[in-house]
Amino acid sequence: MSAIAARPRLWPVRLRSTPTVAAIATVVLVGYLLVGLIGPLLIAYDPVATSVADRLLPIGAVRADGTVALLGTDGAGRDMLGQLVYGARTSIIIGISVVAACLVVGLAFGTLAGYLAGWTDVAISRLIDILMAFPGILLAIVIAGLLERSMLVVVLALSVAGWVGFARLARGLTLSLRERPWVDAARLIGVPTPVMIIRHIIPFVIGPVTALATTEFAGAVLSEAGLSFLGLGLPSATVSWGQVIANGKDYLDTAWWISALPGLALTGLVVSTGLLGDHLTQRLGTSR
Amino acid sequence: MNRSSNVTDPSSAVLDAEPAPLLRVEHLSIDLPGPAGQVRVVDDVSFTVAEGRTTGLIGESGSGKTMTATAIIGLLPAGAAVSGRMAWHGEDLVTMAEQDRRRLRGRGIAMIFQDPQAALDPTQTIGRQVGEILRRGGMPAKEVRRTVIDLLDRVGIPNPETRHAQYPHQYSGGLRQRAMVATALAGSPQLILADEPTTALDVTVQARILALLRRVRDEEGMAMLLVSHDLRVMAHVADEVVVMYAGRICEVGSGREVLNSPAHPYTRALVVSVPAVRSKTAIAEPLPGNPVSPAERPSGCPFHPRCAKAQDRCRSEVPQMRQVAAGRQVACHFPEEA
Amino acid sequence: MSLIEVRDLVVNFHTRWERRRGTKPNAVDGVSFTLRPDETLAIVGESGSGKTTVARCVVGLQARQKGAVLFDGAPVGPVAKRPPATRRAIQMVFQDPAASLNPRMTVRSIIAETWRTHPSAAPDGRSWDAAIHELLADVGLDADVATRRATALSGGQCQRVSIARALALRPRLLVCDEAVSALDVSVQSQILRLLTGLRAARGLAILFITHDLGVVRQIADRVAVMHQGRLVETATADDLFERPGHPYTRKLLDAALDLEGA
Amino acid sequence: MTRYALRTAATGVLIIFGAATLVFFIMRLAPGDQALVLLGPDATGAEVAAARTRLGLDQPLPVQYWHYLTQLATLDFGESYRFGQPAFELVLSRLPASVELTLVATVIAMSGVVLGALAGAHRGRWIDRGISGFALTLYSMPPFWIGIMLILVMALQLRLLPSAGTGTPAHIVLPALTLAAPFTALLTRITRSSVADTMAEPYVQRAYAKGLSTREVVTGHVVRNAATPVVTVGALHVSTLLGGAVIVESVFTWPGLGSLLVTAVANRDYSIVQAAVLLIAVIVVCCNVAADLIAARLDPRVRLGAGA
Amino acid sequence: STTTGGSSAGGDVPQELAVAVWTPIENLDPHGASSMDNGTQVAAKAIFSPLVRTVGEGKFEGVLAESWQPDEDATEWTFTLRNNVKFSDGTPVTSADVVASFNRLLELKGAMAANFTGHEAKASGTNTVVITAKGPDPALLGKLITFYVTPAAHQNDGWTKPIGSGPFVVERFTPGQSLVLAPNPGYWGGKPALNRLELRSIGEMAAKMTALKTGEVDMTWAVPDDQLPGLKGNPDLVVEKDSGSGVITMWMNSSRKGLKEAAVRRALWQAVDFPTIIKSLFPETGSVADSVVSPNVLGYAPQTPVRYDPVAAKKALDDAGWDYDQTIQAQFSQPQFQQFADAVASDLAKIGVKVEPTQKEAAVFLQDLLALKWDLNIQQLGTAGFDAATNLGRLYTCAAKRTGYCHPDLDDLLAQAGSTSDTAKRQDLYAKANKIIWDDAVGMYPMFVRNLYVRNKSVQGLAITPGLTPDFSTVRIGTGGS
Ligand SMILES: Nc1ncnc2c1ncn2[C@@H]1O[C@H](COP(=O)(O)OP(=O)(O)OP(=O)(O)O)[C@@H](O)[C@H]1O
Ligand SMILES: Nc1ncnc2c1ncn2[C@@H]1O[C@H](COP(=O)(O)OP(=O)(O)OP(=O)(O)O)[C@@H](O)[C@H]1O
Ligand SMILES: [Mg+2]
Ligand SMILES: [Mg+2]
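Residue numbers (this note's numbering), protein chains in the order written: chain A, 508 to 795; chain B, 604 to 941; chain C, 31 to 292; chain D, -12 to 295; chain E, 6 to 487.
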């Protein structure tokens, strides 16, 4: 078609964003962040320090030394509140590291593939296909199960497939961005490729990518919990909600709170991330 | 192209007399929610569409043409607030129940859209989409098929027997627009709203679609509200024209008169800007500044910042519509000689 | 000597599969023309006839299957492989005014980017800001536009900035692909005036692509008519409008509407 | 069509090959010696060496890799050292249970399509908010935790359903519900956004101009158009479903492929890991082909074999 | 599917038993790689017959073997087979079958094969088998109790429906899930009472317990202490204990800097309040140990208990110049040791000793164990055949390089004990060895482990033997009586 090409739709979709919900979600998220980052400074909790005399205390029970176990204790007499707080830290650190790693790698690969096209694109796209086809959590299970336990391994295991989402999104956006007239204009001038990508592509990819980052964060947190639940990945001295849930499995009959509480904490974190993510997606992103 | 006035045609007798207004729009205002609160995108607009005649809505981008047409068919975006009256056969469309309005759509008032690609469902055959309104009306399938093929034939789609089973992506732009016209005709409406029906098309195709619209109007006696920013299209098709600027009407009158001797400075500027093909014209003295959107409509006459003749009065006082000749109204404090 | 010579240009967008079957026609099929310095050549034709593709080949944004593009008599390839001086000399104004400016950059940085990439074109002895203001004034824009972004500009202003960006490199050829089509008529004549003014002042050659025959008649020295990837007729503007040679040209002229004589 | 078949076969082979290669190298890089696990702590160094020779672990990596590739091609992964049976047969024998579980879960998850369509058609209304909130919450709960909570409530407290094992139809309820939970949420979200996007498409908006009611517009124009992304995105997430099955199978001791794989990883039972990975990759590829075919049926613009 | 107790249905109770096994039965091959897995052993006990079986504390009775005779120095053992024992396919069990099975065991080099390095089996006549060891092997009988005889003619049958001479025959086997058995009518010991025996594997503990409570399964064993509260108060269930043969063994790597001295190792042992930990974590199954091997093992000798005394421990460490900055890496592989390991770590932390409990995947654990890449290794050690030879004699020699500990006197004692066939003398020698190990604190030996069996009260006639491999041949389903 010639003539007027970029006309708005007859009824431009007005996305009903819900700033209040998003604001609440943000507050909750910040709360988790504070708990995860500052909580450990306030609550002294040693994941290895057991107190076998105070095992399996219910919520609000009093310990042998007179202190109150606000959220009860687990099978080794460890404070549940402490585990939740330290678990929050683990989840947040892993979630952020995974997202950061995936974002950087995915953004770099995706924009390069989309911008350079040709063989670079073919190679990266096929790699993406392969990783997409194989269940990410399975890959993580295989990696985390085979390598030595450490936080780094977990981050690695979750990132191996995690960057693909970013790369796909970035590639797709870049493919359409590189057809934009302003990119053509810059090409005509002869702007070098790195400058081109940084100045003319990435600023427009970063919005949807940020929106995706929240989703991926939620996914990483859930996957980490899954790995820990299966007893893979994290060293036992690192508290993880998934691990606590797994530990509580054997006490479902007698001490349900061990499994229930970390699950609730986890759900709360992921829900608020999801709400914020939905909001960001509406504001910045593409719908898928 | 053969717009002969046939004296034996009874409708043209009516046409030459004072034609009965089919739709009378009075003081229509539309407010839309914008990022900074409600914006009055259409402000106090009044005009009529007469039976069997074509009224053209002219105006530059953002002047509120589409919103006006959309208000008539009743499909404004959510959150739109409409005030004023739209009299249709004695009933007010503004206050009419949604149920009744829906029944009116397609059958009483139909609409043709600018971008025929986007307006057709990509997963359904053209025939299905053209005949949808008939099918919903309870017509038997065989008859629907026959009527659809007949309709496609009438709008000039070759081989309608095979073409009706094809999908939109198998149609060219011009054919798609023809299919849109056929869809609008399917309900035998009394009024067709055509929003920029040829803007996306090549000149050669545009000429054919315009001819088609004229033929349809003449043959079926339908009234048409034609929305366009292309004055040349208007000059060829519209009986009456309404010129809009920033959500307000500048000038109303018969097409020939308005475009030949514009009374409003804005209309005049538009007319001189149009380059001619059949004779060499110099590039017109351009208007200063840019068209304003309704959101930033200036006080007084919305056109005053770009008007060479603007006075203090224009800056403060909104000019009301005033009659300058028979069937000719202008919203200007200092209209040109009509 | 001609500034630009296009020789027997062939472009297609076939996939390997389609190429092998060879049923799909080329998008541009054996187009040749020349453009002298100072001259304005308009290319007209219906949608999909290959106008844009030809323009993109000339500026080097589009790879070609066959043929050559000569600039100053020397063959030039894709834009990335052109010597900076050639790259500077050929600039383009795009159809969509807003989209041809990076919406995240200010007008100032958009123009500064051209100078940063081509230091030889940068103003010497003057501050860049002063030079930018001067340039903006040349295209009829206020100095305060420099600090704004494309999103805060109207269509006509965007198109002026696009032109300013092109002029910043002091090009010898300006390719305008439907540069006024998206604009309202009242703004269209502003831009046309600007272009004709610049052509006179700077001795620019202009390759002007449009489907609006009226505009062509107003500004073109010569006109090339494209139809289904081929150039069916090239003539001086007056000749073409008065004495169309090719049947397709005649058809095109017949279909064109005019305000008068409706 | 031939072209599509060729292309699909090529992509499929590539994906399978890639996934298998990835797993091969991860396994070889991993610490922990298969020969040692096989022989236990009392084996002598010579015995361990002999076992390594027998397992081919002493050969250079490229040779092992080549050997592995031939295994891949012939579907012969050797015997599982733990089960003493051909690994591929074993993996195949676990497949039906996994398929059964995933199918039932998928059927349950289809409710997400209905919910999502409802929400999408009433975007912004309370029903949308309710459904979206529900889907988000469901999506946010770790599946294994859902499983455990279901066991706690349904099996331990209410004694309604068995909590593990197979046999009666009742056995599949909890694992299928658990596995379905995130997928339901996912389908709800995909469908909602797809329907909402489609509702905003010009042709849907313009269908109203024909005088159709919302219901007629939805059934006549939205459903089919919205279905394509649901199918393709949904198929993309089949691998998520399979991944989820691994964890759910572990929670409920469901005798499927997933629980087999998890224990095989822990035991360094390479032949099973390799066979399972291959099988899963094949399943995923098949699902994607199915999705392609369905999408091509739904949307006449989609030409099989064109584009990526 | 099965009868459950509690009903007062008369004498005609279906003789069907469903059992939740402790670990999954993945493989029925009693000679292969997983031959020592508990699942395989449980199944093998039901399907095949061994030559001999233990009756505790170094005493054995014949199964396929009617009698046996070691030579002077216990190098050559002659077994006389019981007559008229038939495999379930009707063919008689001969010495050729025994030899073939033994050879297969050696050939497959599975986990059991290491017990028999240098051994050789020969038939002399249809009913006599001679097993010759490289050197004296007085503990041979103990090693043979997990050696099952399979027909020589069916050695490559895929092992999904193997033929044996045990009390049951395989009806259906789904690896890792369930094994359904039917009685062997021709069983030489008499046809078992059960008409159907299903050995089901239920991985999750909670699920296993639910199944018990709902009557889906009738019995299980190796139930952890923490599950008992949930089972208490269920009138249908009976909880019993075996005599156990496991000892929680926490070797301290003597080859590591800082752990070289016995005084240091003893001090560490002293610093952990094991009685309290055991009382809290293992109230039912644990008891404070007083020997390196458990009381029902030949070689058991009670030692002076190591008392919890953190003050003395700290002082001893100070005296030995303990480096409090160093971290002791405590490795284990089974998750059930997590809480235990953490508890140990927190007690040691109280005197300033840093311990990092590390759970490792089985494969990595094993590799690191053998490479001595650990400071503290937590394991539960059983004593195969209830003879210290398979424990002390195997693990504590300098040559074994298992613990980083090497003591010439101990080596001597173990060598002597390993080459004598005189039981009393061996007991004496192992007692001495026991003392050296205990006093030098090669490891901490905090706890004897017994195992809990939970059954529906309708399950009768189950003889609980040590070793976690129940014998179902004598079980019958009652009316819920006793
Ligand atoms: N959905 C909407 N919500 C809010 N404002 C809108 C919406 N759609 C259009 N507008 C604004 O309403 C004004 C009038 O728009 P309208 O589409 O009627 O103009 P138009 O004359 O049809 O222009 P064009 O020639 O570009 O089609 C414009 O300023 C536009 O920005
Ligand atoms: N990137 C592309 N990929 C595939 N085909 C293309 C591409 N660009 C153009 N074409 C095809 O090449 C032909 C010529 O296109 P071109 O854009 O040059 O025409 P045009 O004359 O500029 O048309 P318009 O007036 O619509 O801008 C058309 O058939 C078009 O479909
Ligand atoms: Mg419009
Ligand atoms: Mg073009």
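Quick reminder that beta carbons are idealized off the backbone N, C-alpha and C, glycines included. Computed from a predicted structure; not experimentally measured.
Query - Counterpart residues of B/Ser857 in DSSP-defined beta bridges - result: Here residue 857 of chain B is taken as the residue at index 254 of the second sequence, counted from 1. In DSSP, B/Ser857 forms a bridge with B/Glu843.
Query raised in the report: Where does E/Asn161 land, buried or exposed, given buried means 16+ other C-beta within 10 angstroms?
Result: Working through the fifth sequence from its first residue, we reach residue 161 of chain E at position 156. Exposed, since its Cβ has fewer than 16 Cβ neighbours within 10 Å.
Requested in this report: Just the C-alpha distance for C/Arg50 and D/Pro49, rounded to the nearest angstrom, thanks.
Outcome: Your numbering for residue 50 of chain C matches position 20 in the third sequence. Your numbering for residue 49 of chain D matches position 62 in the fourth sequence. Roughly 39 angstroms between the two C-alpha positions.
Query - Cutoff 9 angstroms: B/Glu694 Cβ touching any chain D Cβ - result: The count along the second sequence starts at 1 and reaches residue 694 of chain B at position 91. Taking a beta-carbon distance threshold of 9 angstroms, B/Glu694 does not count as an interface residue toward chain D.
Query raised in the report: Is the beta carbon of E/Ala119 sitting closer than 9 angstroms to the one on D/Leu26?
Result: Indexing the fifth sequence from 1 puts residue 119 of chain E at position 114. Indexing the fourth sequence from 1 puts residue 26 of chain D at position 39. With contacts defined as CB atoms closer than 9 angstroms, E/Ala119 and D/Leu26 qualify as a contacting pair.
Query raised in the report: Would the C-beta of C/Phe43 count as close to ligand 2, meaning under 8 angstroms from any of its heavy atoms?
Result: The residue you call residue 43 of chain C lines up with position 13 of the third sequence. Yes, since a heavy atom of ligand 2 falls inside the 8 angstroms radius drawn around the Cβ of C/Phe43.
Requested in this report: Keeping to the same chain, check which residues put their C-beta closer than 6 angstroms to that of E/Leu322; ignore five residues upstream and five downstream.
Outcome: For the purposes of this step, residue 322 of chain E is taken as residue 317 along the fifth sequence, with counting starting at 1. Cβ contact annotation for E/Leu322 (same chain, cutoff 6 angstroms, sequence separation greater than five): Ala272, in chain order.
Requested in this report: Would you list the residues sitting across from E/Lys437 in a DSSP beta bridge?
Outcome: One-based indexing of the fifth sequence puts residue 437 of chain E at position 432. According to DSSP, E/Lys437 bridges with nothing at all.
Query - Proximity winner among A/Val667, A/Asp586 and A/Val542, relative to A/Val751 (alpha-carbon distances) - result: Working through the first sequence from its first residue, we reach residue 751 of chain A at position 244. Measuring from the Cα of A/Val751, the nearest candidate turns out to be A/Asp586.
Query raised in the report: B/Met924 to B/Gly759, Cα distance in whole Å?
Result: Here the question's residue 924 of chain B lines up with position 321 in the second sequence. Here the question's residue 759 of chain B lines up with position 156 in the second sequence. Annotation: B/Met924 to B/Gly759 spans about 41 angstroms, alpha carbon to alpha carbon.
Query raised in the report: What are the residues of the region 23 to 51 of chain E that lie near chain A, defined by any Cβ-Cβ distance shorter than 7 angstroms?
Result: none
Query raised in the report: C/Thr328 by DSSP, collapsed to three states: which one?
Result: An answer regarding residue 328 of chain C cannot be provided, because it is not within the stretch 31 to 292 covered by chain C.
Query raised in the report: Within 9 angstroms (strictly less), CB to CB, does A/Gly543 reach chain C?
Result: By one-based count along the first sequence, residue 543 of chain A stands at place 36. No - not a single Cβ of chain C is within 9 angstroms of the one on A/Gly543.
Query raised in the report: What residues from chain B crowd round D/Arg211, counting only those whose CB sits closer than 9 angstroms?
Result: Working through the fourth sequence from its first residue, we reach residue 211 of chain D at position 224. The contacting residues are Asp724, Thr726 and Gln727.
Query raised in the report: Leaving out the 5 sequence neighbours to the left and right, which residues in its chain are closer than 8 angstroms to E/Trp27 when beta-carbon positions are compared?
Result: Locating residue 27 of chain E in the fifth sequence gives position 22, where the first residue counts as 1. Excluding sequence neighbours, E/Trp27 sits near Asn43, Gly44, Val47, Thr225, Trp226, Ala227 and Leu473.
Query raised in the report: Any heavy atom of ligand 3 closer than 8 angstroms to the Cβ of B/Thr658?
Result: Counting from one through the second sequence, the residue named residue 658 of chain B turns up at place 55. Answer for B/Thr658: no, Cβ out of range of ligand 3.
**Report entry** Closer than 9 angstroms to chain A by CB, E/Thr9
**Finding:** Against the fifth sequence, residue 9 of chain E aligns to sequence position 4. Unreliable placement is indicated for E/Thr9, whose pLDDT of 42 sits below 50; the coordinate value is still reported in the next sentence. No - not a single Cβ of chain A is within 9 angstroms of the one on E/Thr9.
Requested in this report: In the DSSP assignment, find the alpha helix (DSSP H) that holds E/Pro188 and state where it starts and stops.
Outcome: Start at 1 with the first residue of the fifth sequence, and residue 188 of chain E comes out as number 183. E/Pro188 -> not in any alpha helix (DSSP H); beta strand (DSSP E) instead, spanning Ser183 to Pro188.
Query raised in the report: So which residues on chain A does D/Val10 lean against when the C-beta distance must stay under 7 angstroms?
Result: Looking up residue 10 of chain D in the fourth sequence gives position 23. By Cβ distance, chain A contributes Val649.
Requested in this report: State yes or no: is the C-beta of C/Arg117 within less than 9 angstroms of the C-beta of C/Ala235?
Outcome: Against the third sequence, residue 117 of chain C aligns to sequence position 87. Against the third sequence, residue 235 of chain C aligns to sequence position 205. At least 9 angstroms separates the beta-carbon of C/Arg117 from that of C/Ala235.
Query raised in the report: What's the call for A/Pro519, buried or exposed, on a 16-neighbour Cβ count within 10 Å?
Result: Translated into positions along the first sequence, residue 519 of chain A becomes position 12. Confidence at A/Pro519 is low in this model, with a pLDDT of 37, below 50, so the placement of that residue is unreliable and no value is reported for it.
Query raised in the report: Cβ atoms of C/Met256 and C/Gly75: under 9 angstroms apart, would you say?
Result: In the third sequence, counting from the first residue as 1, residue 75 of chain C sits at position 45. In the third sequence, counting from the first residue as 1, residue 256 of chain C sits at position 226. Taking 9 angstroms as the Cβ cut-off, C/Gly75 and C/Met256 qualify as a contacting pair.
Query raised in the report: What residue ranges within the region 185 to 234 of chain C form continuous alpha helix (DSSP H) runs of no fewer than 4 residues, ordered along the chain?
Result: Counting only runs of 4 or more, we get 185 to 198 and 215 to 232.
Query raised in the report: Quick one: does the C-beta of C/Asp242 sit closer than 8 angstroms to a heavy atom of ligand 4?
Result: Counted from its first residue, the third sequence places residue 242 of chain C at position 212. Incorrect: C/Asp242 has no Cβ contact closer than 8 angstroms to ligand 4.
Report task. With a threshold of 8 angstroms, establish whether the CB of B/Glu799 neighbours any heavy atom of ligand 3. Result -> Taking the first residue of the second sequence as position 1, residue 799 of chain B is located at position 196. Ligand 3 has a heavy atom closer than 8 angstroms to the beta-carbon of B/Glu799.
Query raised in the report: Sorry if obvious, but does the Cβ on C/Ile239 come closer than 8 angstroms to a heavy atom of ligand 2?
Result: On the third sequence, residue 239 of chain C is found 209 positions in, with the first residue counted as 1. At least one heavy atom of ligand 2 is found less than 8 angstroms from the C-beta of C/Ile239.
Report task. Output yes if chain A places a C-beta closer than 9 angstroms to the C-beta of E/Thr219; else output no. Result -> Walking along the fifth sequence from the start, residue 219 of chain E turns up at place 214. It does not: the Cβ of E/Thr219 has no partner Cβ on chain A nearer than 9 angstroms.
Query raised in the report: Helix, strand or coil for B/Gln727 per DSSP?
Result: For this step, residue 727 of chain B is matched to residue 124 along the second sequence. Of the three classes helix, strand and coil, the one that applies to B/Gln727 here is coil, per DSSP.
Query raised in the report: Buried or exposed: which applies to E/Pro29, given that a residue is buried once 16 or more other Cβ atoms fall within 10 Å of its Cβ?
Result: Walking along the fifth sequence from the start, residue 29 of chain E turns up at place 24. Answer is buried; the Cβ neighbour count reaches 16.
Query raised in the report: Less than 9 angstroms separating the beta-carbons of B/Leu829 and B/Val784?
Result: As a working mapping, residue 829 of chain B is identified with position 226 in the second sequence. As a working mapping, residue 784 of chain B is identified with position 181 in the second sequence. No.
**Report entry** Contact test: A/Thr717 Cβ vs ligand 1 heavy atom, cutoff 8 angstroms
**Finding:** The residue labelled residue 717 of chain A in the question sits at position 210 within the first sequence. Incorrect: A/Thr717 has no Cβ contact closer than 8 angstroms to ligand 1.
Report task. Hey, could you find the ends of the alpha helix (DSSP H) E/Asn301 is sitting in? Result -> Taking the fifth sequence and counting its residues from 1, the one referred to as residue 301 of chain E is at position 296. Taken as a continuous stretch (DSSP letters only), E/Asn301 belongs to no alpha helix (DSSP H), as it is neither H nor E.
Query raised in the report: For the region 186 to 207 of chain D, which residues have a beta carbon sitting closer than 9 angstroms to at least one beta carbon of chain A?
Result: Met186, Ala187, Glu188, Pro189, Gln192 and Arg193
Query - Within 9 angstroms of chain C by C-beta, residues of the region 807 to 820 of chain B in sequence order - result: Along the region 807 to 820 of chain B, going in chain order, the ones with a CB nearer than 9 angstroms to a CB of chain C are Thr807, Val808, Gln809, Ala810, Arg811 and Leu813.
Query raised in the report: Should the region 667 to 687 of chain B be regarded as contacting the region 822 to 842 of chain B, the criterion being three or more beta carbon pairs within less than 8 angstroms?
Result: yes
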